[in-house]
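Numbering (this note's numbering), first residue to last: -15 to 85.
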Amino acid sequence: MEILKWTYFAQRPLRISELCHALVATNSTFDTLDLDDLPFEKSLTECCHGLVIISKSTSSVRLAHRSIEDFLERQHVDKNLFQNGDRDTVPSAEDDTGLPL
């Protein structure tokens, strides 16, 4: 679900490395951040069962179809998914320049 949440709330497509770092950061504290525990590219898509895809041309992760985004939006609005909204993602998300995603 974390991959879907990050991909859904991102204001732009996330590069694979950004998503991997975000997943590690949300499951760690800054004093225990283990960059050796980054997920593999293949596992990012396999665990989402085709709901996210990786663009080979841009090395970015995105939802596989607009209908998935529409479904996640409805579920979020109805408070069935991602009840904290993007508050769980935004504070720890920065791109390579240190700017928020």
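Note that beta-carbon positions come from the ideal geometry of N, C-alpha and C, so glycine has one too.
Limits of the unbroken beta strand (DSSP E) element including residue 28: Your numbering for residue 28 matches position 44 in the sequence shown. It is not in any beta strand (DSSP E) - residue 28 instead sits in the alpha helix (DSSP H) that spans 25 to 30.
Sheet register partners of residue 47 (DSSP bridge): To locate residue 47, count along the sequence shown from 1; it is residue 63. Residue 47 is bridged to 36.
Element boundaries [alpha helix (DSSP H), containing residue -7]: The residue you call residue -7 lines up with position 9 of the sequence shown. Where residue -7 is concerned, the enclosing alpha helix (DSSP H) starts and stops at -14 to -7.
Outcome for residue 44 when other beta-carbon atoms lying within 10 angstroms are tallied against a minimum of 16: For the purposes of this step, residue 44 is taken as the residue at position 60 of the sequence shown. Buried, since its Cβ has 16 or more Cβ neighbours within 10 Å.
Helix, strand or coil at residue 3 according to DSSP, with G and I counted as helix: As a working note, residue 3 is residue 19 in the sequence shown. Note: residue 3 maps to helix in three-state DSSP.
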